[in-house]
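What follows is the structure, encoded as structure tokens:
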């Protein structure tokens, strides 16, 4: 069984992205290997940002089995992210 993937599309120049990053780090610390986290700088990964139609940063994408389950724009709390990810985690 695969695990959920959280993709963080951000930019170095983005103030809200700087607030989101430690929240994701805290979430990863708490959930450990139950989830995969990928961080994508939109300036470095323009192709991927285009494929996901990213127009706002930060944008968080939650995928399961290669399919987008949830798309979030703006800063999202670690608690809200955990509530979205927990049901996707298989023991």
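Residue numbers (the UniProt record's numbering): 1 to 91. For glycine and all other residues, C-beta sits at the position ideal for the given N, C-alpha and C.
Beta-carbon spacing of residue i, residue j below 8 Å
i: residue 39; j: residue 82; result: no
i: residue 6; j: residue 77; result: no
i: residue 58; j: residue 25; result: no
i: residue 16; j: residue 74; result: yes
N- and C-terminal bounds of the beta strand (DSSP E) containing residue i
i: residue 38; result: 36–41
i: residue 86; result: Looking at the DSSP string, residue 86 is not in any beta strand (DSSP E), and its letter there is neither H nor E.
i: residue 10; result: 5–10
Those residues which DSSP pairs with residue i across a bridge
i: residue 64; result: 67
Run of the alpha helix (DSSP H) containing residue i, from where it starts to where it stops
i: residue 25; result: 15–31
i: residue 74; result: From DSSP, residue 74 is part of no alpha helix (DSSP H); its letter is neither H nor E.
Supposed contact pair residue j and residue i - C-beta distance, whole angstroms, cut 8 Å
i: residue 27; j: residue 64; result: Contact doesn't hold; Cβ gap of about 16 Å is too wide.
i: residue 56; j: residue 49; result: At roughly 11 Å, the Cβ-Cβ gap does not stay under 8 Å, so residue 56 and residue 49 are not in contact.
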